[in-house]
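Visitor: The following block contains the structure, expressed as structure tokens.
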Amino acid sequence: MLNQIEGSLGVAKAVALCRPGVVCAYPISPQTHIVENVGKFVKEGTLKQCDFINVESEFSAMSVSIGSSAGGVRTYTATASQGLLFMAEGVYNASGLGLPIVMTVASRAIGSPINIWNDHTDSLSQRDSGWLQLFCESNQDAVDTHIMAFKIAEEVGLPVMVCMDGFVLTHAFERLDIPSQEEVDKFLPEYQPREFLDPKEPISMGAMVDPDAFTEVRFLQERKMVKALSVIERVTKEYRELTGHHSGGLLDCYNCDNATDLKLIIMGSTVGTAKDEIDRLKKEGINVGIISLKSFRPFPYEALKQAIGNTKQVICVERAFSFGARGIICPEVKRAMEGTNCEIHTALCGLGGRAIYGSTINGIVKQALAGKFTEEFTWFDINSNVLNSYLKDTEGVTFPQGPITDSQLQNSCK
Amino acid sequence: MLQVRLHGRGGQGVVTAAEMLSLAAFLEGHFAQAFPSFGSERTGAPVVAYARIDDKEIRTHEPILEPDVVLVQDRTLLSVIDVFSGISPNGYAIINSADPAEQVVPELCKKLPKGHVLTVPATQFAMEKLKKPLPGAPMLSSLAAATDVFKLESVQKSFQTRYPGKVGDANAETAALAYNYLKEVIKGGANA
Numbered sequence: 233m234l235n236q237i238e239g240s241l242g243v244a245k246a247v248a249l250c251r252p253g254v255v256c257a258y259p260i261s262p263q264t265h266i267v268e269n270v271g272k273f274v275k276e277g278t279l280k281q282c283d284f285i286n287v288e289s290e291f292s293a294m295s296v297s298i299g300s301s302a303g304g305v306r307t308y309t310a311t312a313s314q315g316l317l318f319m320a321e322g323v324y325n326a327s328g329l330g331l332p333i334v335m336t337v338a339s340r341a342i343g344s345p346i347n348i349w350n351d352h353t354d355s356l357s358q359r360d361s362g363w364l365q366l367f368c369e370s371n372q373d374a375v376d377t378h379i380m381a382f383k384i385a386e387e388v389g390l391p392v393m394v395c396m397d398g399f400v401l402t403h404a405f406e407r408l409d410i411p412s413q414e415e416v417d418k419f420l421p422e423y424q425p426r427e428f429l430d431p432k433e434p435i436s437m438g439a440m441v442d443p444d445a446f447t448e449v450r451f452l453q454e455r456k457m458v459k460a461l462s463v464i465e466r467v468t469k470e471y472r473e474l475t476g477h478h479s480g481g482l483l484d485c486y487n488c489d490n491a492t493d494l495k496l497i498i499m500g501s502t503v504g505t506a507k508d509e510i511d512r513l514k515k516e517g518i519n520v521g522i523i524s525l526k527s528f529r530p531f532p533y534e535a536l537k538q539a540i541g542n543t544k545q546v547i548c549v550e551r552a553f554s555f556g557a558r559g560i561i562c563p564e565v566k567r568a569m570e571g572t573n574c575e576i577h578t579a580l581c582g583l584g585g586r587a588i589y590g591s592t593i594n595g596i597v598k599q600a601l602a603g604k605f606t607e608e609f610t611w612f613d614i615n616s617n618v619l620n621s622y623l624k625d626t627e628g629v630t631f632p633q634g635p636i637t638d639s640q641l642q643n644s645c646k
Numbered sequence: 000m001l002q003v004r005l006h007g008r009g010g011q012g013v014v015t016a017a018e019m020l021s022l023a024a025f026l027e028g029h030f031a032q033a034f035p036s037f038g039s040e041r042t043g044a045p046v047v048a049y050a051r052i053d054d055k056e057i058r059t060h061e062p063i064l065e066p067d068v069v070l071v072q073d074r075t076l077l078s079v080i081d082v083f084s085g086i087s088p089n090g091y092a093i094i095n096s097a098d099p100a101e102q103v104v105p106e107l108c109k110k111l112p113k114g115h116v117l118t119v120p121a122t123q124f125a126m127e128k129l130k131k132p133l134p135g136a137p138m139l140s141s142l143a144a145a146t147d148v149f150k151l152e153s154v155q156k157s158f159q160t161r162y163p164g165k166v167g168d169a170n171a172e173t174a175a176l177a178y179n180y181l182k183e184v185i186k187g188g189a190n191a
């Protein structure tokens, strides 16, 4: 059914359609509206047989989620930013225990300095946590991905993080097609846990594993991640056939067929903005493809290699980076393209809510096609005036206007 | 695509107005999008919200730098920020004020086509019916009157959907007052 609603309400409706037995969360912007709405559904009785549990922190939210999921109940939670960090210990435990929890991360920067706006630092900080991480490019994608996430999590036996851009998506009021309860029930059967805690037949979960078997436990966990690649593809296919929505998947290509000079790899809501700009560029005779990277964990090396094909240059539009290193997506893409001549670079932009405009994408494309991405890593949308106002007085250093490359940064430190 | 930027102050329902604008367009079968400029919300602080209307899926999520329409819910902002920044040369501006547009924003009146800069005493209408200084509904119905982008009835229905009962109905009445006022102005009638 078509609704004109806030993204957060859309996600709350999607979660409710999946009939979770326990929802436990602690409010933090920009995720709050999602759990507030789920809480309202439970109170109103529209979401039946669900316990909405209020706790005093994110650490407790994840702990309760682990408990309920281990108890064999379909479980949902949501968080963002510092909240995700606060629950980090539990995040790793949930995946180690193989619990199919679904959690929304309404992606937001991490402090200090405090910043409530959107980038991908929070979700990518949990890159190695053993959770699947699925990124959404629109609110419709977010609605659909949440429904798919429960099925994927339960089939794979691992938790899934659904990452949607905070504010940009969560607070946007848009047209959303919400599937019916009948459709979702048909797609997502009642949860049948393989193993769960039952006081009548006590078992132990998550017991200590010594060096004799720890590596093997991790290997088995990684096998699930690898299996997840095909599960994501299969579940996506099934969902698309059922609803007609073009959501989910490992990745999604836009205008890629004839774009042999340049493709952009983007995660999240920037994809939509970039699509509009790519259409405008097409009218100028410039053909650029977009690869919307949906699944960051597991990383779809094979699918990405195919999607890139024989493209000469790839720019990863990244909204987080690794201090003391470079981009986070770019090295993965390089792994996928090892042994080819494809040039792969990072354009870092959109940190802490700095808006990525169509003109930002236009700038990246024009610079790339002019061969100006000479280094792996570039601070693309940096404002040198702000830097210079500080560095000129303190260190006598100034930067020219425009993007700043890694080597410019390094040279400025000499 | 029609791009609208709404300016007001925290507590005046600017974000709600943008949402209701998108709902009114949705009710008429359009694609629409609304989103706030995500600041730290404080009562009285300048607030910006955005809305887009189109007949195809709206994919972009960038803030609006070059609006076709600017709605100013609080006149005191005119001296504080450049609310008309980037406005399309053929765009519309509607300002919440009882004074004539030529007096409130003379420069803008020279810049935009005749009849594209309008004032409406939206707060006054809101106080009459709603008893609260919430000018969202009359501002949106003024947009309807000025551009015919959607009908008055759709603005009314959007508020009645969000606030069923007395509040929605009062908003609907307020919207009608502003709509009729501005239609009269545009015709060159009594309020012009």
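So the sequence lines, in the order shown, correspond to chains A and B. Numbering of the first sequence is given in our numbering, commencing with residue 233 and proceeding in unit increments. Numbering of the second sequence is given in our numbering, commencing with residue 0 and proceeding in unit increments. Just so you know, even glycine gets a beta-carbon here, dropped at the ideal spot from N, CA and C. Since we're looking at a predicted model, the values are computed, not measured.
Comparing C-alpha positions only, which one of A:T402, A:P563, A:C562 sits nearest to I266 (chain A)?
Guide: Locating residue 266 (chain A) in the first sequence gives position 34, counting from the first residue. For the residues A:T402, A:P563, A:C562, the minimum Cα distance to I266 (chain A) belongs to A:T402.
Visitor: Run down chain A in chain order and give the residues with a C-beta less than 8 Å from the C-beta of F34 (chain B).
Guide: Here residue 34 (chain B) refers to the residue found at position 35 when the second sequence is read from its first residue. Simply F399, V400, H403, A404, F405.
Visitor: Identify the continuous alpha helix (DSSP H) that holds K186 (chain B) and give its terminal residues.
Guide: Counting from 1 along the second sequence, the entry for residue 186 (chain B) is found at position 187. Where K186 (chain B) is concerned, the enclosing alpha helix (DSSP H) stretches over 165 to 186.
Visitor: Does any CB atom of chain B fall closer than 7 Å to the CB of S501 (chain A)?
Guide: Here residue 501 (chain A) is taken as the residue at index 269 of the first sequence, counted from 1. S501 (chain A) counts as touching chain B.
Visitor: Any C-beta of chain B within less than 8 Å: which residues of the segment 437 to 467 of chain A qualify?
Guide: The segment 437 to 467 of chain A vs chain B, Cβ under 8 Å: nothing.
Visitor: Should I93 (chain B) and L70 (chain B) be called a contact, given that it needs their Cβ atoms to be closer than 7 Å?
Guide: In the second sequence, residue 93 (chain B) corresponds to position 94, counting from 1. In the second sequence, residue 70 (chain B) corresponds to position 71, counting from 1. Going by C-beta atoms, I93 (chain B) is nearer than 7 Å to L70 (chain B).
Visitor: Can you list, in chain order, the residues of its chain with a C-beta nearer than 7 Å to that of Q372 (chain A)? Leave out the 5 residues immediately preceding and following it.
Guide: For the purposes of this step, residue 372 (chain A) is taken as the residue at position 140 of the first sequence. Answer for Q372 (chain A): L408, D409, H477, S479, listed in chain order.
Visitor: So, helix, strand or coil for I576 (chain A), using DSSP?
Guide: Walking along the first sequence from the start, residue 576 (chain A) turns up at place 344. Note: I576 (chain A) maps to strand in three-state DSSP.
Visitor: Alpha carbon to alpha carbon, what distance is there between E550 (chain A) and M499 (chain A)?
Guide: Numbered from its first residue, the first sequence carries residue 499 (chain A) at position 267. Numbered from its first residue, the first sequence carries residue 550 (chain A) at position 318. Rounded to the nearest angstrom, the two C-alpha atoms are 8 Å apart.
Visitor: Output, in chain order, the set of chain A residues within a Cβ distance shorter than 7 Å of T59 (chain B).
Guide: Against the second sequence, residue 59 (chain B) aligns to sequence position 60. By Cβ distance, chain A contributes G504, T505, D508, G590.
Visitor: For Q491 (chain A), decide whether its Cβ has a neighbour in chain B, counting only Cβ atoms nearer than 7 Å.
Guide: Stepping through the first sequence from its first residue, residue 491 (chain A) is reached at position 259. In the sequence under discussion, the amino acid at residue 491 (chain A) is Ala, which differs from the Gln named in the question. Judged by the 7 Å Cβ criterion, A491 (chain A) is not in contact with chain B.
Visitor: Relative to chain B, which residues along the segment 255 to 275 of chain A have a C-beta separation below 8 Å, given in chain order?
Guide: If the cut-off is 8 Å between Cβ atoms, the segment 255 to 275 of chain A has P262 near chain B.
Visitor: Could you name the residues of chain A that L1 (chain B) contacts, counting a contact when the two beta carbons are closer than 9 Å?
Guide: Counted from its first residue, the second sequence places residue 1 (chain B) at position 2. Simply none; closest approach about 15 Å.
Visitor: How is R8 (chain B) classed by DSSP in three states: helix, strand or coil?
Guide: As a working mapping, residue 8 (chain B) is identified with position 9 in the second sequence. Note: R8 (chain B) maps to strand in three-state DSSP.
Visitor: Less than 8 Å between C-beta atoms, sequence neighbours within five positions excluded: which residues of the same chain meet that for R558 (chain A)?
Guide: Locating residue 558 (chain A) in the first sequence gives position 326, where the first residue counts as 1. The answer, listed in chain order, is T578, E608, F609, D638.
Visitor: Which residues mark the beginning and the end of the beta strand (DSSP E) in which N286 (chain A) is found?
Guide: Indexing the first sequence from 1 puts residue 286 (chain A) at position 54. Element bounds for N286 (chain A): 283 to 286.
Visitor: Against chain A, with Cβ distances strictly below 7 Å, would P62 (chain B) count as a contact?
Guide: Against the second sequence, residue 62 (chain B) aligns to sequence position 63. True, the Cβ-Cβ gap to chain A drops below 7 Å.
Visitor: Give me the Cα-Cα distance between V148 (chain B) and E414 (chain A), rounded to the nearest whole angstrom.
Guide: Here residue 148 (chain B) refers to the residue found at position 149 of the second sequence. Here residue 414 (chain A) refers to the residue found at position 182 of the first sequence. About 36 Å.
Visitor: Is the beta carbon of L22 (chain B) sitting closer than 7 Å to the one on Q236 (chain A)?
Guide: As a first step, residue 22 (chain B) is located in the second sequence; it is residue number 23 there, counting from the start. As a first step, residue 236 (chain A) is located in the first sequence; it is residue number 4 there, counting from the start. The answer is yes: Cβ separation under 7 Å.
Visitor: Check whether chain A comes within 7 Å of S21 (chain B), counting only Cβ atoms and requiring the distance to be less than that.
Guide: Sequence index remark: in the second sequence, residue 21 (chain B) carries index 22 (1-based). Yes, S21 (chain B) counts as interfacial toward chain A.
Visitor: Is Y423 (chain A) closer than 7 Å to E61 (chain B) when the C-beta atoms are compared?
Guide: Counting from one through the second sequence, the residue named residue 61 (chain B) turns up at place 62. Counting from one through the first sequence, the residue named residue 423 (chain A) turns up at place 191. Not closer than 7 Å, so no.
Visitor: Would G389 (chain A) and R306 (chain A) be called neighbours here (beta carbons separated by less than 7 Å)?
Guide: Within the first sequence, numbered from 1, the residue matching residue 389 (chain A) stands at position 157. Within the first sequence, numbered from 1, the residue matching residue 306 (chain A) stands at position 74. The answer is no: Cβ separation not under 7 Å.
Visitor: Exposed or buried, G12 (chain B), counting other C-beta atoms within 10 Å across all chains shown (16 or more means buried)?
Guide: Here residue 12 (chain B) refers to the residue found at position 13 when the second sequence is read from its first residue. So G12 (chain B) counts as buried.
Visitor: In whole angstroms, what separates the C-alpha of G517 (chain A) from that of M294 (chain A)?
Guide: Within the first sequence, residue 517 (chain A) is the residue found at index 285, counting from 1. Within the first sequence, residue 294 (chain A) is the residue found at index 62, counting from 1. About 50 Å.
Visitor: So, with DSSP's three-state summary, where would you put K495 (chain A)?
Guide: As a first step, residue 495 (chain A) must be located in the first sequence, where it is residue number 263. K495 (chain A) falls in the strand class under three-state DSSP.
Visitor: Evaluate G277 (chain A) with the Cβ neighbour count: other Cβ atoms within 10 Å of its Cβ, from every protein chain shown; 16 or more gives buried, anything less gives exposed.
Guide: Taking the first sequence and counting its residues from 1, the one referred to as residue 277 (chain A) is at position 45. Result: exposed.
Visitor: Compare the C-beta of Q236 (chain A) with all C-beta atoms of chain B and state if any pair is closer than 7 Å.
Guide: Taking the first sequence and counting its residues from 1, one reaches residue 236 (chain A) at position 4. It does; some Cβ of chain B falls within 7 Å.
Visitor: Which whole-angstrom value is the C-beta distance of L366 (chain A) and C395 (chain A), which I expect to be below 8 Å?
Guide: To locate residue 366 (chain A), count along the first sequence from 1; it is residue 134. To locate residue 395 (chain A), count along the first sequence from 1; it is residue 163. 7 Å between Cβ atoms; contact.
Visitor: Using three-state DSSP, classify M319 (chain A) as helix, strand or coil.
Guide: Taking the first sequence and counting its residues from 1, the one referred to as residue 319 (chain A) is at position 87. In this structure, M319 (chain A) counts as coil in the three-state DSSP scheme.
Visitor: Note down the Cα distance separating N662 (chain A) from V47 (chain B), rounded to an integer number of angstroms.
Guide: Residue 662 (chain A) lies beyond the stretch modelled for chain A, which goes from 233 to 646, so this question has no answer here.
Visitor: Pull the bridge partners of Q365 (chain A) from the DSSP assignment, please.
Guide: What you label residue 365 (chain A) is simply residue 133 of the first sequence in a count that begins at 1. The partner list for Q365 (chain A) (beta bridge, DSSP) reads A:M393, A:R529.
Visitor: From C485 (chain A) to A143 (chain B), what does the alpha carbon distance come to, in whole angstroms?
Guide: Here residue 485 (chain A) is taken as the residue at index 253 of the first sequence, counted from 1. Here residue 143 (chain B) is taken as the residue at index 144 of the second sequence, counted from 1. Whole-angstrom Cα-Cα distance: 39 Å.
Visitor: Taking Cβ to Cβ, would you say A404 (chain A) is nearer than 7 Å to F34 (chain B)?
Guide: Numbered from 1 along the first sequence, position 172 holds the residue referred to as residue 404 (chain A). Numbered from 1 along the second sequence, position 35 holds the residue referred to as residue 34 (chain B). The answer is yes: Cβ separation under 7 Å.
Visitor: Rounded to a whole number of angstroms, what is the C-alpha to C-alpha distance between P411 (chain A) and A602 (chain A)?
Guide: Sequence index remark: in the first sequence, residue 411 (chain A) carries index 179 (1-based). Sequence index remark: in the first sequence, residue 602 (chain A) carries index 370 (1-based). Spanning the two alpha carbons is a distance of roughly 45 Å.
Visitor: Kindly indicate if chain A contains any beta-carbon less than 7 Å away from that of E18 (chain B).
Guide: Here residue 18 (chain B) refers to the residue found at position 19 when the second sequence is read from its first residue. Chain A contact via Cβ: present.
Visitor: Alpha carbons only, please: which of B:L117, B:R161, B:P88, B:G43 is nearest the one belonging to Q102 (chain B)?
Guide: Indexing the second sequence from 1 puts residue 102 (chain B) at position 103. Among B:L117, B:R161, B:P88, B:G43, the Cα nearest to that of Q102 (chain B) belongs to B:L117.
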